[in-house]
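Scroll down for the structure; my scribbles are underneath it.
There are 2 protein chains.
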Amino acid sequence: MFTMTCPTMQTERDLAQLVGIDWGTTHLRAYRIAAGGQVLERRESSAGILTIRNQDFVSALQPLIADWYAHTRPGPTLPMLLCGMVGSRQGWCEVPYRSCPSRISDLASALTAVDSPWGKALFVAGLSTEDKHRRYDVMRGEETQIFGCELSGQRAIIVTPGTHSKWCISKDSTIEHFRTYLTGEMFALLRSHSSIGWLMPDEDRTIQNEASFLDGVRESRREPNLLHSLFSVRSGALFDQRAAEAHSAYLSGLLIGSEVHDALRRYRASMVSVVATASLGRLYEAAILAAGGTAVRRIDAELAVCRGLWNLWETHLKQAKP
Amino acid sequence: MFTMTCPTMQTERDLAQLVGIDWGTTHLRAYRIAAGGQVLERRESSAGILTIRNQDFVSALQPLIADWYAHTRPGPTLPMLLCGMVGSRQGWCEVPYRSCPSRISDLASALTAVDSPWGKALFVAGLSTEDKHRRYDVMRGEETQIFGCELSGQRAIIVTPGTHSKWCISKDSTIEHFRTYLTGEMFALLRSHSSIGWLMPDEDRTIQNEASFLDGVRESRREPNLLHSLFSVRSGALFDQRAAEAHSAYLSGLLIGSEVHDALRRYRASMVSVVATASLGRLYEAAILAAGGTAVRRIDAELAVCRGLWNLWETHLKQAKP
Numbered sequence: 001m002f003t004m005t006c007p008t009m010q011t012e013r014d015l016a017q018l019v020g021i022d023w024g025t026t027h028l029r030a031y032r033i034a035a036g037g038q039v040l041e042r043r044e045s046s047a048g049i050l051t052i053r054n055q056d057f058v059s060a061l062q063p064l065i066a067d068w069y070a071h072t073r074p075g076p077t078l079p080m081l082l083c084g085m086v087g088s089r090q091g092w093c094e095v096p097y098r099s100c101p102s103r104i105s106d107l108a109s110a111l112t113a114v115d116s117p118w119g120k121a122l123f124v125a126g127l128s129t130e131d132k133h134r135r136y137d138v139m140r141g142e143e144t145q146i147f148g149c150e151l152s153g154q155r156a157i158i159v160t161p162g163t164h165s166k167w168c169i170s171k172d173s174t175i176e177h178f179r180t181y182l183t184g185e186m187f188a189l190l191r192s193h194s195s196i197g198w199l200m201p202d203e204d205r206t207i208q209n210e211a212s213f214l215d216g217v218r219e220s221r222r223e224p225n226l227l228h229s230l231f232s233v234r235s236g237a238l239f240d241q242r243a244a245e246a247h248s249a250y251l252s253g254l255l256i257g258s259e260v261h262d263a264l265r266r267y268r269a270s271m272v273s274v275v276a277t278a279s280l281g282r283l284y285e286a287a288i289l290a291a292g293g294t295a296v297r298r299i300d301a302e303l304a305v306c307r308g309l310w311n312l313w314e315t316h317l318k319q320a321k322p
Numbered sequence: 001m002f003t004m005t006c007p008t009m010q011t012e013r014d015l016a017q018l019v020g021i022d023w024g025t026t027h028l029r030a031y032r033i034a035a036g037g038q039v040l041e042r043r044e045s046s047a048g049i050l051t052i053r054n055q056d057f058v059s060a061l062q063p064l065i066a067d068w069y070a071h072t073r074p075g076p077t078l079p080m081l082l083c084g085m086v087g088s089r090q091g092w093c094e095v096p097y098r099s100c101p102s103r104i105s106d107l108a109s110a111l112t113a114v115d116s117p118w119g120k121a122l123f124v125a126g127l128s129t130e131d132k133h134r135r136y137d138v139m140r141g142e143e144t145q146i147f148g149c150e151l152s153g154q155r156a157i158i159v160t161p162g163t164h165s166k167w168c169i170s171k172d173s174t175i176e177h178f179r180t181y182l183t184g185e186m187f188a189l190l191r192s193h194s195s196i197g198w199l200m201p202d203e204d205r206t207i208q209n210e211a212s213f214l215d216g217v218r219e220s221r222r223e224p225n226l227l228h229s230l231f232s233v234r235s236g237a238l239f240d241q242r243a244a245e246a247h248s249a250y251l252s253g254l255l256i257g258s259e260v261h262d263a264l265r266r267y268r269a270s271m272v273s274v275v276a277t278a279s280l281g282r283l284y285e286a287a288i289l290a291a292g293g294t295a296v297r298r299i300d301a302e303l304a305v306c307r308g309l310w311n312l313w314e315t316h317l318k319q320a321k322p
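So the protein sequences, as listed, match chains H and R.
Its first residue numbered 1, the first sequence is counted upward by one per residue in my numbering.
Its first residue numbered 1, the second sequence is counted upward by one per residue in my numbering.
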């Protein structure tokens with residue numbers, strides 16, 4: 001468990017207005033949040049929902065948040081809002097997907113409450129979208145990040161890169177449509193289990209070689225069929241076209257390039273907001289600019305989720321008033 | 001070890017003119033071959049080259065072929081010709097790639113000899129091809145299958161589906177160009193290790209649902225970006241759009257469809273020769289016809305490799321004559 005305690009904790013405890021939980025398949029993060037989405041304290045554990053046995057979500061959460069409730073003054077307890085796969089069929093409480101287009105007020109009015117030792121725990125719904133051929137797409141967790149991105153009235157393109165990257169169109173504070181790419185999962189699969197992963201030294205786990213990364217991004221434009229382009233990792237190794245330490249960066253460029261070229265073309269986007277950690281955000285920024293994007297706005301993924309949880313809570317409160 | 005003994009073995013032993021070995025990373029197959037490439041006897045083991053320790057290829061081959069040499073009449077021994085990854089850097093003897101375009105006579109004159117307990121063992125070279133952007137592609141083993149396909153003078157498109165499918169252009173008995181797709185490996189990866197593989201029941205290992213397979217082939221045309229289309233396996237499951245037993249067939253359709261659409265478009269092909277086992281050949285035939293191909297010629301992969309080994313040997317003999 002990682003704890004970041006603010007020096008002025010005693011004072012700030014009283015400022016806390018919300019406990020926000022971002023709970024995915026492989027991570028659990030808890031935030032003590034003040035008005036406006038300001039993060040007072042952040043804690044995390046590796047108890048992703050895949051690790052939870054017998055539906056015992058309470059025991060996994062207990063060590064992270066119990067003391068945040070110990071000093072709560074009498075009266076209404078600190079509200080708790082949860083987003084991510086914890087609201088899926090495999091999670092604590094299944095909240096049905098809401099279909100796009102979806103406004104923040106739609107999600108705020110659809111929070112699902114479950115009793116917990118800390119009062120009502122409120123779950124945010126995921127979103128679904130459907131195309132004209134009846135192909136569905138889904139997200140859980142990213143909708144909260146997106147609603148933390150200060151959506152303006154204008155059409156905006158927002159990407160939340162990761163295991164399953166989501167590219168979203170928003171307009172007038174509404175998520176209109178989105179599109180998932182399996183990019184992060186595919187990288188991990190190929191890295192760990194494939195014949196091209198075998199070529200990569202163990203220490204080559206991070207993407208440090210920007211030239212090879214960009215070489216992959218360019219190749220993904222020339223050669224959009226991934227089943228073919230992936231083989232160039234192997235043939236490039238056979239013909240000594242790049243250093244062994246660079247295969248991983250080139251592979252990452254092929255995959256992120258495939259995603260970025262396709263999304264920029266489909267969404268006819270030039271300005272893109274990237275909601276990510278610093279390292280992944282840097283890669284996406286480089287790929288988007290290399291693929292013809294003209295401007296990238298970088299947004300920290302954790303700050304976005306906290307602001308999104310706050311915005312949802314505030315909207316919910318306003319709806320509750322007569 | 002699987003042995004298929006012909007009833008008239010005693011007579012036919014004298015007909016044998018060549019021992020052909022197709023030795024890949026995961027399989028080892030040995031054939032006793034008569035004039036014209038006719039297979040007199042076939043044996044196989046699971047001693048693919050990845051299983052060989054200390055370069056001891058002889059011990060792995062011994063149980064399959066030793067008795068074929070026991071009765072060899074005095075004089076020249078039965079020649080032995082080997083193709084596949086056994087001729088790679090990880091194999092018994094590294095034979096450099098020859099670059100395309102390549103005629104059968106080029107390969108027949110480049111056989112590499114290594115001493116063995118059964119006389120000289122001759123290795124067939126692999127092929128490489130290079131595009132104008134200096135991207136290489138390689139094959140080892142498939143070139144022998146292709147030279148077993150009775151290439152006419154006309155331009156022909158031949159596919160050898162599998163872990164790494166190869167699409168080849170041949171003309172005037174020359175392999176002009178080819179293109180690899182990681183299709184079979186990708187299917188196995190996604191089936192065994194990915195979040196979409198988890199959706200598939202264990203018994204769903206073979207592709208039996210042709211309607212779902214063709215649904216995947218059609219979807220791969222509508223949605224050429226694989227990183228996105230693969231997610232429709234998952235969203236289709238969430239929205240109960242297909243039976244659990246059909247996910248695997250749909251995934252196979254997405255992948256084979258991606259390969260086939262791309263190759264037919266690039267090679268502007270309508271008639272395609274498919275060199276495969278019966279079950280894989282049937283899938284490729286269905287996918288090619290659904291993707292706009294007008295005719296498919298099916299060729300058994302093992303017969304092709306034996307005819308190819310024979311054709312290479314016969315060409316080699318002719319070259320040796322003054």
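Every residue, glycine too, gets a C-beta built ideally from N, C-alpha and C.
Inset, instruction - Label H/Arg29 either buried or exposed according to how many other C-beta atoms from any shown protein chain fall within 10 Å of its C-beta, with 16 as the threshold for buried. - result: Its Cβ being crowded by 16 or more others within 10 Å, H/Arg29 is buried.
Legend entry - Closest by C-alpha distance to R/Tyr136, when choosing among R/Leu107, R/Arg98, R/Ser229, R/Gln55: Selected option, being the one with the closest Cα: R/Arg98.
Inset, instruction - Would you kindly report the start and end of the unbroken alpha helix (DSSP H) that includes R/Ile196? - result: Under the DSSP assignment, R/Ile196 falls outside any alpha helix (DSSP H); it carries neither an H nor an E label.
Legend entry - Status (buried if at least 16 other CB within 10 Å, exposed otherwise) for R/His228: With 16 or more Cβ atoms within 10 Å of its Cβ, R/His228 is classed as buried.
Legend entry - Sub-8 angstroms separation of H/Gln319 and H/Ala108 beta-carbons: Result yes, Cβ atoms of H/Gln319 and H/Ala108 sit closer than 8 angstroms.
Inset, instruction - Along the beta strand (DSSP E) that carries H/Lys321, what are the first and last residues, could you check? - result: H/Lys321 -> no beta strand (DSSP E), and no H or E assigned at all.
Inset, instruction - Pick out whichever of H/Ala47, H/Met200, H/Gly36 has its Cα sitting closest to the Cα of H/Gly236. - result: Per the C-alpha coordinates, the member of H/Ala47, H/Met200, H/Gly36 positioned closest to H/Gly236 is H/Met200.
Inset, instruction - Kindly say whether H/His193, judged by its beta-carbon, lies nearer than 8 angstroms to any beta-carbon of chain R. - result: Judged by the 8 angstroms Cβ criterion, H/His193 is in contact with chain R.
Inset, instruction - Assign H/Ala156 to one of three DSSP states: helix, strand, or coil. - result: In this structure, H/Ala156 counts as strand in the three-state DSSP scheme.
Inset, instruction - Can you have a look at R/Glu219 and say buried or exposed, based on whether 16 or more other CB atoms are within 10 angstroms of its CB? - result: Burial state of R/Glu219 is buried, judged by a 10 Å Cβ sphere holding 16 or more other Cβ atoms.
Inset, instruction - Give a yes or no on whether the C-beta atoms belonging to H/Gly87 and H/Arg140 are separated by under 8 angstroms. - result: Contact flag set, yes.
Legend entry - Inter-residue Cα distance where the pair is H/Ala47 and H/Ala60: Distance between the alpha carbons of H/Ala47 and H/Ala60 is about 6 angstroms.
Inset, instruction - For H/His247, decide whether its Cβ has a neighbour in chain R, counting only Cβ atoms nearer than 8 angstroms. - result: It does not: the Cβ of H/His247 has no partner Cβ on chain R nearer than 8 angstroms.
Legend entry - Three-pair Cβ contact test at 8 angstroms for the region 76-84 of chain R versus the region 14-26 of chain R: Touching, yes, given that three or more Cβ pairs across the two stretches are closer than 8 angstroms.
Inset, instruction - Say whether chain H places a C-beta atom closer than 8 angstroms to the C-beta of R/Leu312. - result: Taking a beta-carbon distance threshold of 8 angstroms, R/Leu312 does not count as an interface residue toward chain H.
Inset, instruction - Kindly indicate which residue of R/Gly119, R/Arg282, R/Arg179 has the alpha-carbon position closest to the one of R/Val274. - result: Measuring from the Cα of R/Val274, the nearest candidate turns out to be R/Arg282.
Inset, instruction - Compile a chain-ordered list of the residues in the region 211-222 of chain R whose CB is closer than 8 angstroms to at least one CB of chain H. - result: Residues passing the 8 angstroms Cβ filter: Glu219, Arg222.
Inset, instruction - May I ask you to report which of helix, strand or coil DSSP gives R/Arg89? - result: The answer is coil: DSSP assigns R/Arg89 none of H, G, I, E or B.
Inset, instruction - Could you tell me whether the region 253-267 of chain H touches the region 151-168 of chain H, where touching means 3 or more Cβ pairs closer than 8 angstroms? - result: The region 253-267 of chain H makes contact with the region 151-168 of chain H, as at least three CB pairs between them are under 8 angstroms.
Legend entry - chain H residues whose Cβ lies nearer than 7 angstroms to that of R/Thr183: Those are Leu227, listed as they occur along chain H.
Legend entry - Beta-ladder partner(s) of R/Val19, from DSSP: Here R/Val19 is bridged, per DSSP, to R/Arg32, R/Met80.
Inset, instruction - Can you say whether R/Gln90 is buried or exposed, counting buried as having 16 or more other CB atoms within 10 angstroms of its CB? - result: With fewer than 16 other Cβ atoms inside 10 Å of its own Cβ, R/Gln90 counts as exposed.
Inset, instruction - Closer than 8 angstroms, Cβ to Cβ, to anything on chain H: give me those residues from the region 243-276 of chain R, in chain order. - result: So the list reads Leu255, Ser258, Glu259, Asp262, given in the order they occur along the chain.
Inset, instruction - Taking only beta-carbon positions, decide if H/Asp327 is within less than 8 angstroms of chain R. - result: Since the first and last residues shown for chain H are 1 and 322, residue 327 of chain H lies out of range.
Legend entry - Assigned exposure category for H/Trp198 - 16 Cβ within 10 Å defines buried: Counting the other Cβ atoms within 10 Å of the Cβ of H/Trp198 gives fewer than 16, which makes it exposed.
Inset, instruction - Could you name the residues of chain H that R/Arg179 contacts, counting a contact when the two beta carbons are closer than 8 angstroms? - result: Under a criterion of Cβ atoms nearer than 8 angstroms, the residues of chain H adjacent to R/Arg179 are, in order, His228.
Legend entry - Anticipated Cβ contact below 8 angstroms, R/Thr180 with R/Gly308, distance rounded: Wrong, their Cβ atoms sit about 19 angstroms apart, outside the cutoff.
Legend entry - Cut-off 6 angstroms between Cβ atoms - residues of its own chain near H/Ala113, not counting five sequence neighbours on either side: Closer than 6 angstroms at the Cβ level, and outside the excluded window around H/Ala113, lie Lys120, Leu122.
Inset, instruction - Sort out for me which residues DSSP pairs R/Ser165 with in a bridge. - result: Paired residue(s): R/Tyr181.
Inset, instruction - Taking all protein chains shown into account, decide if H/Asp215 is buried (16 or more other Cβ within 10 angstroms of its Cβ) or exposed. - result: Buried: at least 16 other Cβ atoms inside 10 Å.
Legend entry - Chain-ordered chain R contacts of H/Val138 [CB-CB under 7 angstroms]: What H/Val138 touches in chain R: Ser235, Leu238.
Legend entry - Cβ-based contacts, 8 angstroms cut-off: residues of the region 104-123 of chain H near chain R: Going along the region 104-123 of chain H in chain order, one finds no residue with a Cβ nearer than 8 angstroms to chain R.
Inset, instruction - State buried or exposed for R/Arg268, treating a residue as buried only when at least 16 other CB atoms are found within 10 Å of its CB. - result: By the neighbour-count criterion, in which 16 or more other beta carbons inside 10 Å mark a residue as buried, R/Arg268 falls on the exposed side.
Inset, instruction - Please report how far the alpha carbon of R/Met271 lies from the alpha carbon of H/Pro161, in whole angstroms. - result: Distance between R/Met271 and H/Pro161, taken at the CA atoms: about 41 angstroms.
Inset, instruction - For H/Arg366, decide whether its Cβ has a neighbour in chain R, counting only Cβ atoms nearer than 8 angstroms. - result: Absent from the structure is residue 366 of chain H, since the part of chain H shown begins at 1 and ends at 322.
Legend entry - Contact check, R/Leu312 vs R/Ile146, beta carbons under 8 angstroms: With respect to R/Ile146, R/Leu312 sits apart: the two C-beta atoms are not nearer than 8 angstroms.
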